[in-house]
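Quick mapping for you: the protein sequence lines, in order, are chains S and X. Using the numbering used here, the letters of the first sequence map in sequence onto residues 1 to 543. Using the numbering used here, the letters of the second sequence map in sequence onto residues 544 to 863. What follows is a short report on a single structure.
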Amino acid sequence: MINLVGNNNFYVKYENKRWILVSILISFFILLPILSVFFKNFFQDGENSFDYIWNTLILEYSLSTIYLIFLTSFFSLILGIFPAWYISLYKFPLRNFYDIVLFLPLAIPSYIMSFTYSDILSFTGPIQSFLRNKLPYIYPFFNKDYLQIEILSILLGFALSPYVYSVSRISFSLIGSAYFNLSRNLGLSSFKIFYKVILPLSRPAILSGLFLVIMEVLNEYGAVKYFGVNTFTTGIFKAWFSFGDVKTSIQLASILLVIVFILLRVEKISTKKTKFHYKINAKSNTLIDLDKRKLFTAHTICMFPILFGFFVPFLHILNNSIMAIKTINISHLFELTLNSILISFLSAFLIVFLATFFQYCERLSRSKVAGLINSLISLGYAIPGAVVGLGIIILFTSINYYFDSVYLIGTLFTLIYALVIRFLAVGKSPIKSSLEKHPKSYDETGKILGLYSLGLFRKVFFPINISAMIIAFIITFVDLMKELPITLILRPFNFDTLATQTYEFAIEEMLVKSSIYSLVIILIGASMLIILKKFIYKYNYVS
Amino acid sequence: MYLEVKDLIKYYNPKNQLIRKINFSVNKGEIVSFIGESGCGKTTFLKCLSGLEKINDGQIILNNEVLNDKATYVKPQKRKVSYIFQDYPLFPHLNLIENITFNLDSIYEKNLSYMLSLTNLENLQFRYPHQLSGGEQQRACIARSLIREPDLLLMDEPFSNLDNSIKESIIDEIYKIIRHTKTTTILVTHDIKDALNISDRILVFKAGIIQQYADPIKLYCEPANRYCAKILGDINQITFDQEVRFIRPENLRVVDNSDYSILVEKCYFQGNIYKIKGILDNLPCHFFSKKPYQRNIKVCVDFDEKDLIFFDSLCLSYFE
């Protein structure tokens, strides 16, 4: 007698699709403000200046955006990969110190970096003043206009190099000494090992870091505007604020969005093709003693990004803060700090929750739909914060007909909603790479041992990815602390954060007064990044 | 029959079926080895049995319960099937003992100390996976599978990472447990020696179909086709009565004079015996000898007619 047990095929076919259905619903809610911007774009009548921009500025926007991306990528790669190589493979004095502080440039918002360096390099700044007074013969060589796209790309390279450094560092360490020793045995020099073995194996990791750099450059407004470089983002703002033409700004944002979507797909395909699985449950790498002749090179390579990416701007801001110490309102500073922490904490928490959900859903279902949803929800990262803010305003005024939604604009709810849309990709990245590192046999073993999707998450994937979630939380938190345009547009009445206060003083050319607020952002960011570093290495068994 | 597989078809692309209508059955407590080349669908077949993959057509019945057919699919969580994976996936956040008892029903907890001693892991109970060697991780996976007394045990290359020194004893112990618990077992392996040592029956799989399903002795001595003959070990082609015949190397004996003269090419020392490689009628040929031979000398060999293997014309050229 044969008993029929179990479930029918219909149920099985749709078992994981319940997860996909929920993720479609949530992603729709996340994409709704962006969709409403584009919806309004296509259904709004009237004149626009798009023809003017298309005929006159589009080429300039495209060329300068590509040029800026190219240069910044180049500098970020140089400043990120080489220190990671030395620190991951070699043992030398101050190695641990460098390893901690190489993350710190991330704590300085790129707009603060630009304001600070333009102050340092300006006619009245310390360098030109010193040269004018002490070395007048060589002064003319330094009396230049430093607000150039090349200088901007170097500054952005310094500010964004930790994205490349962090992924390269982990990848180089996990690849391990086995490949290094094998390559030496095959007669390859250190340099050849680096570019023939280690770099190709780390390509997916480096690309994911570079992708974040490119996204940051595409979305950069404050620094780009200050340097007078015309990129798509400045074009969007110019069309919106200078021409008062929302439609054109949205059309430009559409082009930007298409570019980003193509970049996302390219990154995904490229990563898929060159996927390298690090050995599971492997022991950590053994460090090699660095030849004394190479010590100078190692120290120079590690010190350079830290010195110019963190210490110089930090000391300048610290100096300005000390100068302005008597004018500081401590209770106001404390209140702004609390506001920044509150907004960043709530948003980062929500982002990590949603990012984990979307990533786990993709892993469970292995469907193209889930993959597409994950790509789409990352688009918010590429859209300028101001456009996201605009989208929220359009959405809530549009649905006001059905219920009194307009009152929600200018509340913490809409602010956090916008921040989640904008920064979901940042939180997603570490969780994605962590989940991808675990082999499919974990899922299969869990199922064979009797676990269902939720149980599998609770008993296996949550504990083994908890560190990645904490890393995602910290990275997102630090980014949110620096966030400016969305908070400026959507903050509740009489609600300020450290970033908005910094910006308000800076645009009034009161850089000294703004310094204390920048300093607090940097100090909180730096402390979080030091904690982050500990987590990353403990969790990845990085030596 | 305890496990019955009827007309099983599995594919990812309908134009390229990985498993094409296979039929076989396994008795309770039997150990069956599944052998074939890499990528031929052995692991996919195990996943179909475990429920990790759904079949496209056919039926799988275990212990009189339909696990999978057109109308029915029992989830892997509900099947009493254990699976030992090739990459020994221990969960990195759990120590060894937590891994072995992971999601374990309390009625099986009594088996823990026996499993630990069986797999020789008593002293490593609180170590985490990254602190264990490959062999120790593999033994932990074996313990995790056996502790829950499965109805069907699936093993995908489970001994590939074990040191030779402990491999034999672990295989012996596992064999004893399987026999003792009457656990029906399917073993996927590349190692023909493992298959011959512990299997009641061996299933040779190629091009999506079963080439032969028989006990090891029959399979070795009476292979169904040339592929089955070759997969189990060296086989020499010779001409006997003007017809093509085959013979195993161990059935050739060195004599002073015969019609079969082999030109020695290489002599391999194998401890208690020499394995000689040479040329016979322009074809490679192997035999065993107690003494070594120099290269390029001719050695005469003979055999018993009963040891010759014959294939019909179709099976003769199968997969050649």
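Cβ atoms here follow ideal geometry from the backbone N, Cα and C, with glycine treated the same way.
{"Check": "List in chain order: all unbroken alpha helix (DSSP H) runs of 4+ residues lying wholly within the segment 741 to 800 of chain X.", "Outcome": "759 to 764, 769 to 774"}
{"Check": "Is it true that the segment 476 to 496 of chain S meets the segment 443 to 451 of chain S, where meeting means three or more beta-carbon pairs spaced less than 8 Å apart?", "Outcome": "no"}
{"Check": "Just checking, does the segment 250 to 257 of chain S make contact with the segment 223 to 236 of chain S on the three C-beta pairs under 8 Å criterion?", "Outcome": "yes"}
{"Check": "Within a Cβ cutoff of 7 Å, which residues of the same chain sit near S518 (chain S), ignoring the five residues on either side of it in sequence?", "Outcome": "I112, I317, T502"}
{"Check": "Output needed for E150 (chain S): all residues of its chain with C-beta closer than 8 Å, excluding positions within five of it in sequence on either side, in chain order.", "Outcome": "L71"}
{"Check": "Determine which residues share a DSSP beta bridge with P204 (chain S) and list them.", "Outcome": "Partner(s): none; P204 (chain S) has no beta bridge."}
{"Check": "Using a 10 Å radius around the Cβ and a threshold of 16 neighbouring Cβ atoms, would you call K693 (chain X) buried or exposed?", "Outcome": "In the sequence as presented, Lys is not what sits at residue 693 (chain X); that position holds Pro. Classification of P693 (chain X): buried, given that the 10 Å Cβ count is 16 or more."}
{"Check": "List the residues of chain S whose Cβ lies closer than 7 Å to the Cβ of P792 (chain X), in chain order.", "Outcome": "Here the premise fails: no neighbours, minimum Cβ distance about 37 Å."}
{"Check": "Are at least three pairs of beta-carbons, each pair with one atom in the segment 345 to 358 of chain S and one in the segment 474 to 485 of chain S, less than 8 Å apart?", "Outcome": "yes"}
{"Check": "What residues in the segment 625 to 637 of chain X bring their beta carbon closer than 7 Å to a beta carbon of chain S?", "Outcome": "S625, Y626, F628, D630, P632, L633, F634, P635, H636"}
{"Check": "What are the complete alpha helix (DSSP H) segments, minimum 4 residues, inside the segment 69 to 101 of chain S?", "Outcome": "95 to 101"}
{"Check": "Does N320 (chain S) come out as helix, strand or coil in the three-state DSSP assignment?", "Outcome": "helix"}
{"Check": "What is the DSSP secondary structure of R491 (chain S), reduced to helix, strand or coil?", "Outcome": "coil"}
{"Check": "If we call anything under 7 Å between Cβ atoms a contact, is L546 (chain X) one with V569 (chain X)?", "Outcome": "yes"}
{"Check": "Does the beta-carbon distance from F853 (chain X) to R788 (chain X) come in below 7 Å?", "Outcome": "yes"}
{"Check": "Distance cutoff 7 Å, beta carbons only. Does F645 (chain X) sit that close to anything in chain S?", "Outcome": "yes"}
{"Check": "Quick one: is N219 (chain S) buried, meaning 16 or more other Cβ sit within 10 Å of its Cβ, or exposed?", "Outcome": "buried"}
{"Check": "If contact is defined by three or more beta carbon pairs under 8 Å, each pair taking one atom from either stretch, is the segment 692 to 708 of chain X in contact with the segment 661 to 669 of chain X?", "Outcome": "no"}
{"Check": "Please compile the residues from chain X whose C-beta is within a distance smaller than 8 Å of the C-beta of K459 (chain S).", "Outcome": "F645, N646"}
{"Check": "For the alpha helix (DSSP H) that I466 (chain S) lies in, which residues bound it at each end?", "Outcome": "462 to 482"}
{"Check": "Roughly how many angstroms lie between the CA atoms of V406 (chain S) and I416 (chain S), to the nearest whole one?", "Outcome": "16 Å"}
{"Check": "Which chain S residues are close to L589 (chain X), counting only those with a beta carbon under 7 Å from its beta carbon?", "Outcome": "The premise fails here: L589 (chain X) is roughly 10 Å from chain S at the closest Cβ pair, so nothing lies under 7 Å."}
{"Check": "Using three-state DSSP, classify V37 (chain S) as helix, strand or coil.", "Outcome": "helix"}
{"Check": "Given H438 (chain S), which residues of its chain have a CB within under 6 Å of its CB, disregarding the five upstream and five downstream residues?", "Outcome": "none"}
{"Check": "Taking 7 Å as the threshold (C-beta atoms), are L395 (chain S) and S36 (chain S) in contact?", "Outcome": "yes"}
{"Check": "For chain X, is any of its Cβ atoms less than 7 Å away from the one on K247 (chain S)?", "Outcome": "no"}
{"Check": "Check whether the Cβ of L454 (chain S) lies closer than 7 Å to any Cβ atom in chain X.", "Outcome": "no"}
{"Check": "For G601 (chain X), which option in X:F830, X:D799, X:R796, X:T615 has the closest C-alpha, if you only look at C-alpha atoms?", "Outcome": "X:T615"}
{"Check": "Let's see if you can read the secondary structure: which residues bound the alpha helix (DSSP H) around S433 (chain S)?", "Outcome": "412 to 437"}
{"Check": "Taking K585 (chain X) as the reference, give the member of X:K749, X:D784, X:D802, X:D648 with the closest Cα.", "Outcome": "X:K749"}
{"Check": "Return the chain-ordered ranges of every alpha helix (DSSP H) run that is complete within the segment 111 to 177 of chain S and spans a minimum of 4 residues.", "Outcome": "126 to 134, 139 to 142"}
{"Check": "Pull up the distance between the alpha-carbon of F544 (chain S) and that of S171 (chain S), whole angstroms please.", "Outcome": "Since the first residue of chain S shown is 1 and the last is 543, residue 544 (chain S) is not available in this structure."}
{"Check": "Could you tell me which of X:T587, X:V731, X:K613, X:Y770 sits nearest to I562 (chain X), measuring between CA atoms?", "Outcome": "X:T587"}
{"Check": "Alpha carbon to alpha carbon, what distance is there between L160 (chain S) and I735 (chain X)?", "Outcome": "55 Å"}
{"Check": "Using DSSP with H/G/I as helix, E/B as strand and the rest coil, what is Y555 (chain X)?", "Outcome": "strand"}
{"Check": "What's the C-alpha gap between K247 (chain S) and E335 (chain S)?", "Outcome": "38 Å"}
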